[in-house]
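Residue numbers (the numbering used here): 60 to 122.
For glycine and all other residues, C-beta sits at the position ideal for the given N, C-alpha and C.
Since the structure is predicted, the reported quantities are computational estimates derived from the model, not experimental observations.
Here is the structure we will look at.
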Amino acid sequence: VPFMMGHHFGVPFHRELQRRIILEAFDHLVRAGQSGEIRRLPVTWAQARKEGKLIEQAMNSRA
Numbered sequence: 060v061p062f063m064m065g066h067h068f069g070v071p072f073h074r075e076l077q078r079r080i081i082l083e084a085f086d087h088l089v090r091a092g093q094s095g096e097i098r099r100l101p102v103t104w105a106q107a108r109k110e111g112k113l114i115e116q117a118m119n120s121r122a
């Protein structure tokens, strides 16, 4: 995924995206045809950050 350095699994508090990335990585370990094979996910940093901000706002409104 083309995320910023230090955010390999997405933005903070975005459990759904983090889980998806980890499960995709495990699946790729099993299904990769050859060493060095890359699988790209259709998720952008801008999209992940936008969703992350909404999650943070929802958390703050509950506090």
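Does the beta-carbon of residue i have 16 or more other beta-carbons within 10 angstroms, so that it is buried, or is it exposed?
| i | result |
| --- | --- |
| Gly-65 | exposed |
| Gly-69 | buried |
| Leu-76 | buried |
| Ile-81 | exposed |
| His-73 | buried |
If we ignore side chains and look at the alpha-carbon of each, how far apart do residue i and residue j end up?
| i | j | result |
| --- | --- | --- |
| Met-63 | Arg-99 | 15 Å |
| Pro-71 | Ile-97 | 24 Å |
| Leu-113 | Arg-121 | 13 Å |
Please return the same chain residues whose Cβ sits closer than 8 Å to the Cβ of residue i, not counting the five positions on each side in sequence.
| i | result |
| --- | --- |
| Pro-61 | Thr-103, Trp-104 |
| Glu-83 | Arg-98, Leu-100 |
By Cβ distance, which residues of its chain are closer than 7 Å to residue i, with the 5 residues on each side in sequence left out?
| i | result |
| --- | --- |
| Met-118 | Phe-72 |
Quiz item: Would the region 83-90 and the region 105-119 be scored as touching if the rule is three or more Cβ pairs under 8 Å?
Solution: no
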